[in-house]
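Asks: Protein chains in written order, with my numbering: chain A, 1 to 238; chain B, 1001 to 1359.
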């Protein structure tokens, strides 16, 4: 079953096409990798999918529902949640309160929200930081907090924007483990990542974007063998 | 840093805090029985007024992070509605104040729909502009507001319930209790907001609106809720002021000065905290009174720091009372530089440091 359908999505900023005619489908329960050189338009695509920008052309369909024109909060309520490339902790609020804000998306009761939040804090292993202000966390823990907070909104589809960016290998490994755990819970994930090793390990399918256009799509093995992808990343031999 | 952080993360009520609060409450309730100096009562009334204004601004500015510098607009709507209804239609103020609340909800939603399209400094500028429009309108809608001459109420009708006169408002005591009640109500409402979904959402919007938006929080809805709560209590403060003073004109209830002063109460006391505005009011009201009545100059003379006959003495006596705006400015600079969390945050950090050193 297709949970997310991106169909001919284009986004123009003035005359600049940040995305042009991008299409792909994401199957329920899978991990989809989204890669491409810097400035290829990956984050813009996330913004179009999650309601931060209305796509200039094309359609985004999630769970059988057309998402164009919905606000980010409505998108989140419908079960599609995203994290931010540049983490956005609610700095003065504690770790628990940050996650509770996410949980309050589904409940009006602080008590219930606190329980839901506690569960997610445990999932990302930040129990020892419960009452620590989010602004004071080191980068690795901020990224985990970002994941816990977004999981607390109980999404069906999670879009992770460079969740391993700036992390050391040990921290990246923890995040990879986390991504597999999230998959076990049946949550579909679309992952933007620069770390090729990581993306090859976690993704079942990969979409490559270059200069705003879809360059290739396939299994990790197919992508590695694709000469156009190699050229986009490393330049041509000539 | 960790002390500073634990202040921010604090939640729940300590028995000591609760005890102090109860003690203060009893003292405030009994105050008029022991003190009947009209001057002291007047000071307390000004204090309550500042607390009400500060607490209500704090909901929008401190918790939701929307720095409105146009709160005089809501104050003015409350003050004018109450006064116009009382003088022109004979409607007693305790009904007029609620009419003011209804008016202010409408005004707030209109202002919100315009200003909340803007963020950060642009929102601040828009809020100033809207308040100035209200002030100029009050000047020019002479049929309604009597323009620059303002509206004078000769007397306040007595408050009656079922024919029995509760109070005739001839002394300051009923105003004292009204002010105390309203101040407690705004504090209670702030507490309730802080301990609900609203408080979490407001703070999330303050900390990062894009993140809040992506977590399912409707920015338009929750910013407007914060604005409406804030405007309602600012309007009630305006009504209360109008009845107490018995006079409104555009330059007393709608000036930019007032908007700035409302903001300062929170900033100086401690923004986004339950008791910050109370502390701010406790600092600002006595300070402005001391400056106005030249108490500071007199104090300098009496401790012999400056001689009354000297040139400096004459200069101070002449100018210090007019310099309250300047001193406000200096105070704000000091607070922003050295106590970014306000006086309350500064003191609690200090207490924290001392208690930890003991431990």
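Don't be surprised by glycine CBs; every beta carbon is placed ideally from N, CA and C.
Return the chain-ordered list of same chain residues with a C-beta closer than 6 Å to the C-beta of residue 1300 of chain B, the five sequence neighbours on each side being excluded.
Replies: 1306
Asks: Among B:1189, B:1173 and B:1215, which has the Cα closest to the Cα of residue 1201 of chain B?
Replies: B:1215
Asks: Is the distance from the Cβ of residue 1063 of chain B to the Cβ of residue 1272 of chain B below 7 Å?
Replies: yes
Asks: Should residue 1072 of chain B and residue 1131 of chain B be called a contact, given that it needs their Cβ atoms to be closer than 7 Å?
Replies: yes
Asks: Give the DSSP-derived three-state secondary structure of residue 1317 of chain B in the structure shown.
Replies: helix
Asks: Could you tell me the distance, in whole angstroms, from the CA atom of residue 1059 of chain B to the CA atom of residue 1169 of chain B?
Replies: 31 Å
Asks: So which residues on chain B does residue 102 of chain A lean against when the C-beta distance must stay under 7 Å?
Replies: 1215
Asks: Determine, using beta carbons only, whether residue 1370 of chain B comes closer than 7 Å to chain A.
Replies: Only positions 1001 to 1359 of chain B appear in this structure, which leaves residue 1370 of chain B out of reach.
Asks: Less than 7 Å between C-beta atoms, sequence neighbours within five positions excluded: which residues of the same chain meet that for residue 75 of chain A?
Replies: 50, 51 and 67
Asks: Excluding the 5 residues flanking residue 271 of chain A on each side, which residues of the same chain have their C-beta closer than 7 Å to its C-beta?
Replies: Chain A is shown only over 1 to 238; residue 271 of chain A falls outside these bounds and no answer can be derived.
Asks: Within its chain, find whatever has a CB closer than 7 Å to the CB of residue 69 of chain A; leave out the 5 residues flanking it on each side and keep chain order.
Replies: 54
Asks: Taking 7 Å as the threshold (beta carbon to beta carbon), is residue 1353 of chain B in contact with chain A?
Replies: no
Asks: What residues of chain B sit near residue 16 of chain A, judged by a beta carbon separation below 9 Å?
Replies: Result: empty, since nearest Cβ-Cβ is about 22 Å, beyond 9 Å.
Asks: For chain B, is any of its Cβ atoms less than 7 Å away from the one on residue 169 of chain A?
Replies: Answer no: the Cβ-Cβ gap between residue 169 of chain A and chain B never drops below 7 Å.
Asks: Nearest by alpha-carbon distance to residue 1103 of chain B: which of B:1075, B:1038, B:1287 and B:1119 is it?
Replies: B:1075
Asks: By the DSSP assignment, the beta strand (DSSP E) with residue 134 of chain A in it spans what residues?
Replies: First-last for residue 134 of chain A: undefined, no H or E at that position.
Asks: Is DSSP giving residue 1271 of chain B helix, strand or coil here?
Replies: coil
Asks: Roughly how many whole angstroms lie between the Cα atoms of residue 41 of chain A and residue 143 of chain A?
Replies: 22 Å
Asks: May I ask you to list, following chain order, the residues of the region 1191-1205 of chain B that have a beta carbon less than 8 Å from some beta carbon of chain C?
Replies: No chain C appears in this structure, whose protein chains are A and B.
Asks: Would residue 5 of chain A pass as a contact of residue 25 of chain A if the rule is Cβ separation under 7 Å?
Replies: Taking C-beta atoms as the reference points, residue 5 of chain A and residue 25 of chain A count as a pair closer than 7 Å.
Asks: Are the C-beta atoms of residue 1218 of chain B and some chain A residue less than 7 Å apart?
Replies: Put simply, the CB of residue 1218 of chain B is near chain A, with a gap under 7 Å to one of its CB atoms.
Asks: Just the C-alpha distance for residue 151 of chain A and residue 1171 of chain B, rounded to the nearest angstrom, thanks.
Replies: Taking the straight line from one Cα to the other gives about 60 Å.
Asks: Would you give the residue range spanned by the alpha helix (DSSP H) that residue 1296 of chain B belongs to?
Replies: 1295-1302
Asks: What's the gap between the Cα of residue 114 of chain A and the Cα of residue 1276 of chain B?
Replies: 26 Å
Asks: For chain B, find out if any of its Cβ atoms is closer than 7 Å to the Cβ of residue 144 of chain A; answer yes or no.
Replies: no
Asks: My output table needs one value for residue 158 of chain A: the three-state DSSP class, helix, strand or coil.
Replies: It is a strand residue.
Asks: Could you spell out the range, first to last residue, of the alpha helix (DSSP H) harbouring residue 173 of chain A?
Replies: DSSP places residue 173 of chain A inside the alpha helix (DSSP H), whose first and last residues are 169-184.
Asks: Compare the C-beta of residue 30 of chain A with all C-beta atoms of chain B and state if any pair is closer than 7 Å.
Replies: no
Asks: Which whole-angstrom value is the C-beta distance of residue 56 of chain A and residue 10 of chain A, which I expect to be below 8 Å?
Replies: Their Cβ separation, rounded to whole angstroms, is 5 Å, which keeps residue 56 of chain A and residue 10 of chain A in contact under 8 Å.
Asks: Report yes if the C-beta distance between residue 85 of chain A and residue 181 of chain A is below 7 Å; otherwise report no.
Replies: no
Asks: If you measure beta-carbon to beta-carbon, which residues of the region 206-238 of chain A are closer than 9 Å to chain B?
Replies: none
Asks: Exposed or buried, what is residue 1213 of chain B when buried is set at 16 or more other beta-carbons lying within 10 Å of its beta-carbon?
Replies: buried
Asks: Between A:159, A:138 and A:179, which has its C-alpha nearest residue 95 of chain A's C-alpha?
Replies: A:138
Asks: Hey, is the region 1288-1299 of chain B in contact with the region 1077-1092 of chain B, meaning 3+ C-beta pairs nearer than 8 Å?
Replies: no
Asks: Suppose you measure from the CA of residue 1265 of chain B to the CA of residue 81 of chain A; what does that come to, to the nearest Å?
Replies: 39 Å
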